[in-house]
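Taking it in order: structure first as structure tokens, then the write-up.
Residue numbers (mature numbering (1 follows the signal peptide of the UniProt record, and there is no 0)): -31 to -1, 1 to 520.
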């Protein structure tokens, strides 16, 4: 680690307008839930992109053309890149691996520029990362889950330059890479004889406003019919990517305000349930963003208030319609993380302005829990606030123990630690939802078997033994399976939760020991090949997960 010092991360001055604003919001209800923990004050880089791997290590990176970072490359290595816009020879790292168990980081070496890139975890557990800026626009890079592995540059394997694009794992294990700046098309990785080209997607051009764009990092989800739900700007389609056919056009989200980068709302596919049913329902939730025109106005110093609405739509309905809900806190650049119990955490971001260099104000310090199964008037619950503003280029990702790892925030063009309203932040925190409170410990399940990292096939039954020291309500036990997603720029690619069908009742087989039998999804349309976190959840309180692999 180098000895360059960083400035204090924040000041109380910017909090005053926010506190005054909150004091006027009489309709807010604060449950004072959740706890914050500072894990590391300086990981060396700003965690702009983040992915959990199945060895419980987290890959993070920012960009290579920021200038020197705060962490040196190992063994005297230096990155020699004549195309770099900041340093041709750089002996500092711009990617790190965070070890959850030891709370430590290891520097990684990435050669070409990964700024504003995309990625997803391959079926073998490797992070496949695509695109970026400058000399990274056509690049594919891979990092495997091992204690000594580093980035491997696979070469210019993308046909189209990909900057601000979105990736999704397909049922057969391939990745589809959609959109990006001036990229109104999609392609696949790895290539095959029939997919060794790009496929035009006029929808991306139709939703593109050259002044604001607002269709970058489109929200993409694999629907339960095998097609892709794609949301860009204020509209959405259902795409049959095999035939390059739009099979459904969804209504415009009410209000017509943009939700994608740089307005930077966020979105999740709500948990998939009733997987044995002939008609599995799929719902998408889109929250926050910035009003149309925010980007050019913020560029001139006028910071419009962020959107305080969420739109929810059942994408499997024959005639789908949006239902609008009001968040207790307006938010742009927020991140949405599906928690193990099926609730959604909305975290990070700002109350005014938009994404971009120094054009947002009023950090939103308080996360919000959204409970999708509650009545419509009781779904949002404001949580305990953080002390560190998490603005542009912040990230959040679920860990195996149920905490949410939070990092990043670099609203500046370089590593600026002084002389700016919101300095570059190199810290890493964990947010623990209230289900991790000590008061719930006796209700928290603990998985005894099966062991972690076992392999399963589609439709296979699994018997899970778990303990719970308190009184167990057998009717309130479920098993959930979460695909770890790739998070950047307010969207988590490939994030997905399934509630596994139970096979029979929960049986007590010993003192405080119980067995629940579940069945894995029947096909890759529901759960693409790869690794998942499997939780036992009792009364909305999750166990620590085990890793399972669907193959």
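From the three backbone atoms N, C-alpha and C, an ideal C-beta is built for every residue, glycine too.
Candidates the options: which alpha carbon is nearest residue i's?
i, options, result
"residue 295", "510, 230 and 350", "350"
"residue 486", "508, 435, 431 and 498", "431"
"residue 79", "122, 86 and 71", "122"
"residue 333", "275, 309 and 247", "275"
"residue 13", "476, 397 and 426", "397"
"residue 458", "472, 233 and 508", "233"
"residue 225", "189, 475, 269 and 258", "258"
"residue 307", "181, 373 and 320", "373"
"residue 330", "289, 338, 336 and 268", "268"
"residue 44", "8, 337 and 62", "62"
"residue 283", "341, 519, 463 and 328", "341"
"residue 536", "492, 497 and 429", "With the chain covering -31 to 520 only, the question about residue 536 has no answer from this structure."
"residue 339", "298, 359 and 74", "298"
"residue 200", "209, 185, 92 and 213", "185"
"residue 501", "448, 390, 231 and 358", "448"
"residue 336", "312, 325, 345 and 156", "312"
"residue 418", "426, 97, 434 and 404", "434"
"residue 223", "209, 145 and 203", "203"
"residue 119", "130, 94, 76 and 109", "76"
"residue 348", "365, 182, 376 and 281", "281"
"residue 466", "482, 215, 497 and 152", "497"
"residue 180", "195, 231, 212 and 20", "231"
Taking the alpha helix (DSSP H) that residue i belongs to, which residues open and close that run?
i, result
"residue 267", "263 to 268"
"residue 175", "171 to 175"
Taking all protein chains shown into account, do 16 or more other C-beta atoms lie within 10 angstroms of the C-beta of residue i, making it buried, or fewer, making it exposed?
i, result
"residue 445", "exposed"
"residue 382", "exposed"
"residue 248", "exposed"
"residue 424", "exposed"
"residue 242", "buried"
"residue 408", "exposed"
"residue 512", "buried"
"residue 450", "buried"
"residue 440", "exposed"
"residue 7", "exposed"
"residue 33", "buried"
"residue 520", "exposed"
Kindly indicate the opening and closing residues of the beta strand (DSSP E) around residue i.
i, result
"residue 279", "278 to 283"
"residue 290", "Note, residue 290: premise wrong, no beta strand (DSSP E); not H, not E."
"residue 155", "154 to 158"
"residue 256", "252 to 256"
"residue 122", "121 to 124"
"residue 427", "Here residue 427 belongs to no beta strand (DSSP E), and DSSP marks it neither H nor E."
"residue 314", "313 to 316"
"residue 304", "304 to 307"
"residue 71", "Note, residue 71: premise wrong, no beta strand (DSSP E); not H, not E."
"residue 189", "188 to 191"
"residue 222", "Element bounds for residue 222: n/a, residue is neither H nor E."
"residue 398", "397 to 401"
"residue 495", "Per DSSP, residue 495 belongs to no beta strand (DSSP E) and is neither H nor E."
"residue 366", "363 to 367"
Mapping the DSSP letters down to three states, classify residue i as helix, strand or coil.
i, result
"residue 348", "coil"
"residue 64", "strand"
"residue 45", "helix"
"residue 135", "strand"
"residue 408", "helix"
"residue 233", "coil"
"residue 102", "coil"
"residue 26", "strand"
"residue 489", "coil"
"residue 214", "strand"
"residue 59", "strand"
"residue 275", "coil"
"residue 110", "strand"
"residue 143", "coil"
"residue 503", "strand"
"residue 541", "Residue numbering for the chain in the displayed model covers -31 to 520; residue 541 lies beyond these limits and cannot be assessed."
"residue 226", "coil"
Assuming residue i and residue j form a contact by the criterion Cβ under 8 Å, report the distance between their Cβ atoms to the nearest whole angstrom.
i, j, result
"residue 535", "residue 81", "For residue 535 there is no data in the structure shown, the boundaries of the chain being -31 and 520."
"residue 115", "residue 24", "7 Å"
"residue 128", "residue 167", "5 Å"
"residue 507", "residue 437", "6 Å"
"residue 143", "residue 158", "7 Å"
"residue 68", "residue 37", "Going by Cβ atoms, the distance from residue 68 to residue 37 rounds to 24 Å, so no, they are not a contact pair."
"residue 255", "residue 188", "7 Å"
"residue 391", "residue 5", "Not confirmed; about 18 Å, so no contact."
"residue 31", "residue 9", "Not confirmed; about 15 Å, so no contact."
"residue 149", "residue 100", "7 Å"
"residue 64", "residue 28", "7 Å"
Using beta carbons (cut-off 9 Å, strictly below), is residue i in contact with chain B?
i, result
"residue 442", "Reference to chain B is not applicable here, since this structure consists of a single protein chain."
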